[in-house]
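Trainee: In UniProt numbering, the protein residues as written are 1 to 319. In this text, a Cβ means the ideal position worked out from N, Cα and C, and glycines have one as well. All values reported here derive from a predicted model rather than from experimental measurement.
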């Protein structure tokens, strides 16, 4: 009697263990925190953030009246305190291309980053001395709209008819010597992958000239620095796909209030910001090619962080 051979197309079941960071948390606490202490913590943090936002409006308004660069320094301080209120630590990897002082080569810096949550503004606002680009709707949000207005946020419309004017408004800020930061995905994602980039926004760095238009040299010289943002620790433990999407990410039709309250229940969090090597717009034949190069760097950074391959890269700072 012969032993039957296994079917040639049938795959053997793998017994290799699969690591799931969510399993490091207690079974009953995987989805959310909901004890009395957690709810109290969330309410206190939400109240503190609201009070700090109101104070920030006064502080930034005062800085706009002062000479010098105080109106550019204050947002860094404001978002640092906001992160502290949430006990959100920010780790940086790599070297930021710009600062409050002009670069030696005279180039402006345009930071482009992935976008999965309103937390991205806090995290990047803490480490980037730059003006942000935001959709026009943000201008009308309670408190936050006024605060971003005082912080010199540049609002743009989504319709194509006004796209040219929006790009020109951003370029004017570059001419004044300010660096710019924007999210080329145009909206937030679930945090486990990147959405397609809007290459039209890269006209800020690589404007398109029609043959009928006269050649001009008044466009400021720029470099693009891709930036990866990842939320990689929750209460000191690694973050898996589930928590990345449903604890940190704010997408779709999620309401801001419930998301803030749910986030505020956790005791501590960490975000990692990776500054990739800058790229020069003139090295690419089109805006699409430039957009693809920035996206590839950010996507690789996200993958490296999820695989924990960037923890030993220097220089690195924690705060």
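Which residues bound the beta strand (DSSP E) around residue 188?
Mentor: Counting from one through the chain shown, the residue named residue 188 turns up at place 188. That residue, residue 188, is in no beta strand (DSSP E); it is neither H nor E in DSSP.
Trainee: Quick check on the DSSP output: what are the complete beta strand (DSSP E) runs of length 3 or more inside the region 80–105, in order along the chain?
Mentor: Counting whole runs of 3 or more residues, the region 80–105 contains the beta strand (DSSP E) stretches 88–93.
Trainee: Among the residues of its own chain, which have a CB less than 7 Å from the CB of residue 150, if the five just before and after it don't count?
Mentor: As a working mapping, residue 150 is identified with position 150 in the chain shown. Closer than 7 Å at the Cβ level, and outside the excluded window around residue 150, lie 57, 60, 61, 64.
Trainee: Report the rounded CA-to-CA distance for residue 190 versus residue 246, giving the unit in angstroms.
Mentor: Taking the first residue of the chain shown as position 1, residue 190 is located at position 190. Taking the first residue of the chain shown as position 1, residue 246 is located at position 246. If I take the Cα positions, the gap works out to 8 Å.
Trainee: Quick one: grab the DSSP three-state call for residue 271.
Mentor: As a first step, residue 271 must be located in the chain shown, where it is residue number 271. Residue 271 falls in the strand class under three-state DSSP.
Trainee: Beta-carbon within less than 7 Å of residue 267's beta-carbon, same chain only, minus the 5 sequence neighbours each way: which residues are those?
Mentor: On the chain shown, residue 267 is found 267 positions in, with the first residue counted as 1. These residues qualify, in order along the chain: 87, 235.
Trainee: Alpha carbons only, please: which of 49, 144, 238, 92 is nearest the one belonging to residue 272?
Mentor: Here residue 272 refers to the residue found at position 272 when the chain shown is read from its first residue. Among 49, 144, 238, 92, the Cα nearest to that of residue 272 belongs to 92.
Trainee: Who pairs with residue 135 in a beta bridge, going by DSSP?
Mentor: Against the chain shown, residue 135 aligns to sequence position 135. Paired residues: 156.
Trainee: Who pairs with residue 238 in a beta bridge, going by DSSP?
Mentor: Residue numbering aside, residue 238 sits at position 238 when the chain shown is read from its first letter. Looking at the DSSP assignment, residue 238 forms a beta bridge with 233.
Trainee: Quick check on this structure: which residue in 206, 146, 129, 148 has the alpha carbon closest to the alpha carbon of residue 164?
Mentor: Residue numbering aside, residue 164 sits at position 164 when the chain shown is read from its first letter. When only C-alpha atoms are compared, the closest one is 206.
Trainee: According to DSSP, is residue 129 part of a helix, a strand, or is it coil?
Mentor: Here residue 129 refers to the residue found at position 129 when the chain shown is read from its first residue. Residue 129: coil per DSSP, three-state reduction.
Trainee: Which partner residues does residue 180 have in the DSSP bridge list?
Mentor: Your numbering for residue 180 matches position 180 in the chain shown. Answer is 110, 131.
Trainee: Return the chain-ordered list of same chain residues with a C-beta closer than 8 Å to the C-beta of residue 99, the five sequence neighbours on each side being excluded.
Mentor: By 1-based counting over the chain shown, the position of residue 99 is 99. The answer, listed in chain order, is 129.
Trainee: Going by C-alpha distance, which of 148, 181, 265, 51 is nearest residue 71?
Mentor: One-based indexing of the chain shown puts residue 71 at position 71. Among 148, 181, 265, 51, the Cα nearest to that of residue 71 belongs to 148.
Trainee: Please classify residue 258: does DSSP put it in a helix, a strand, or coil?
Mentor: For the purposes of this step, residue 258 is taken as residue 258 along the chain shown, with counting starting at 1. Three-state DSSP puts residue 258 in a helix.
Trainee: Whether or not the region 39–46 and the region 117–135 are in contact is what I'm after, with contact meaning three or more pairs of Cβ atoms, one per stretch, closer than 8 Å; do they touch?
Mentor: With a cut-off of 8 Å, the region 39–46 and the region 117–135 do not count as touching, because too few Cβ pairs lie within range.
Trainee: Which residue marks the beginning of the alpha helix (DSSP H) containing residue 63, and which one marks its end?
Mentor: Within the chain shown, residue 63 is the residue found at index 63, counting from 1. Taken as a continuous stretch (DSSP letters only), the alpha helix (DSSP H) holding residue 63 covers 36–64.
Trainee: Would you mind sorting residue 140 into buried or exposed? The rule is 16 or more other CB atoms within 10 Å of its CB.
Mentor: For the purposes of this step, residue 140 is identified with residue 140 of the chain shown, where counting begins at 1. Exposed, because fewer than 16 other Cβ atoms sit within 10 Å of the Cβ of residue 140.
Trainee: Is the beta carbon of residue 85 closer than 8 Å to that of residue 118?
Mentor: To locate residue 118, count along the chain shown from 1; it is residue 118. To locate residue 85, count along the chain shown from 1; it is residue 85. In this structure, residue 85 does not lie closer than 8 Å to residue 118 by Cβ.
Trainee: Express the C-alpha separation of residue 89 and residue 41 in angstroms, rounding to a whole number.
Mentor: Position 41 of the chain shown, counted from the start, is the residue given in the question as residue 41. Position 89 of the chain shown, counted from the start, is the residue given in the question as residue 89. So the alpha carbons of these two residues sit roughly 17 Å apart.
Trainee: Per DSSP, which residues does residue 225 bridge with? Please list them.
Mentor: Your numbering for residue 225 matches position 225 in the chain shown. Beta-bridge pairing links residue 225 to 111.
Trainee: Taking contact to mean 3 or more Cβ pairs, one atom from each stretch, closer than 8 Å, check whether the region 94–112 and the region 215–231 are in contact.
Mentor: They touch, by the three-pair rule.
Trainee: Determine the direct distance from the alpha carbon of residue 103 to that of residue 154, and round the result to whole angstroms.
Mentor: Numbered from its first residue, the chain shown carries residue 154 at position 154. Numbered from its first residue, the chain shown carries residue 103 at position 103. Distance between the alpha carbons of residue 154 and residue 103: 22 Å.
Trainee: Since residue 197 and residue 295 are thought to touch, with beta carbons under 8 Å apart, how far apart are those beta carbons, to the nearest angstrom?
Mentor: For the purposes of this step, residue 197 is identified with residue 197 of the chain shown, where counting begins at 1. For the purposes of this step, residue 295 is identified with residue 295 of the chain shown, where counting begins at 1. Their Cβ separation, rounded to whole angstroms, is 5 Å, which keeps residue 197 and residue 295 in contact under 8 Å.
Trainee: Just how far apart, CA to CA, sit residue 35 and residue 262?
Mentor: One-based indexing of the chain shown puts residue 35 at position 35. One-based indexing of the chain shown puts residue 262 at position 262. Taking the straight line from one Cα to the other gives about 12 Å.
Trainee: With C-beta atoms as the reference, is residue 132 less than 8 Å away from residue 74?
Mentor: What you label residue 132 is simply residue 132 of the chain shown in a count that begins at 1. What you label residue 74 is simply residue 74 of the chain shown in a count that begins at 1. Going by C-beta atoms, residue 132 is not nearer than 8 Å to residue 74.
Trainee: According to the neighbour-count rule (16 or more other Cβ atoms, all chains shown, within 10 Å of its Cβ), is residue 68 buried or exposed?
Mentor: Here residue 68 is taken as the residue at index 68 of the chain shown, counted from 1. Flag for residue 68 reads exposed.
Trainee: Quick check on residue 256: buried or exposed, where buried means 16 or more other Cβ atoms within 10 Å of its Cβ?
Mentor: Taking the chain shown and counting its residues from 1, one reaches residue 256 at position 256. Classification for residue 256: exposed.
Trainee: Looking only at its own chain, which residues have a Cβ that is under 7 Å from the Cβ of residue 169, when we skip the five neighbours before and after it?
Mentor: Your numbering for residue 169 matches position 169 in the chain shown. For residue 169, where only same-chain residues beyond five positions count, the Cβ hits under 7 Å are 154.
Trainee: Classify residue 136 as buried or exposed, calling it buried when 16 or more other Cβ atoms lie within 10 Å of its own Cβ.
Mentor: Position 136 of the chain shown, counted from the first residue, corresponds to residue 136. Looking at its Cβ environment, which holds fewer than 16 other Cβ atoms inside 10 Å, residue 136 is exposed.
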